[in-house]
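Peer 1:
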């Protein structure tokens, strides 16, 4: 983790936990990220599935931020806000 791009680092680390499976019958692929419940993608090729899974992860994170859901800590990267907001005095503006 380089620390400069925390969201990018989080996404890359989460993607390293991705599990892909070729589905029987139609030979499509399914992908999940077990630490991130609900992140699931389907696509006709493995490459497309990886791309779709990353997109689903990004959208899942945005919804989590918007709704205040607790996101899993992945490899020490904690995106959950635990600090109270700090208001600057009007004089500082």
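Numbering (the working numbering), first residue to last: -15 to 77. In this text, a Cβ means the ideal position worked out from N, Cα and C, and glycines have one as well.
If you follow the beta strand (DSSP E) that residue 48 is part of, which residue opens it and which one closes it?
Peer 2: Careful: residue 48 lies outside any beta strand (DSSP E), inside the alpha helix (DSSP H) at 30 to 51.
Peer 1: What does the alpha-carbon distance come out to for the pair residue -12 and residue 75?
Peer 2: Approximately 31 angstroms, taken between the alpha carbons.
Peer 1: Would residue 23 and residue 12 qualify as a contact pair, given that the criterion is a beta-carbon distance under 8 angstroms?
Peer 2: Their beta carbons are not under 8 angstroms apart, which means residue 23 does not touch residue 12 by this criterion.
Peer 1: Excluding five sequence neighbours on each side, which residues of the same chain lie with their C-beta closer than 8 angstroms to the C-beta of residue -9?
Peer 2: Excluding residues within five positions, the ones whose Cβ falls inside 8 angstroms are 45, 63.
Peer 1: Taking the beta strand (DSSP E) that residue 4 belongs to, which residues open and close that run?
Peer 2: Note, residue 4: beta strand (DSSP E), 3 to 6.
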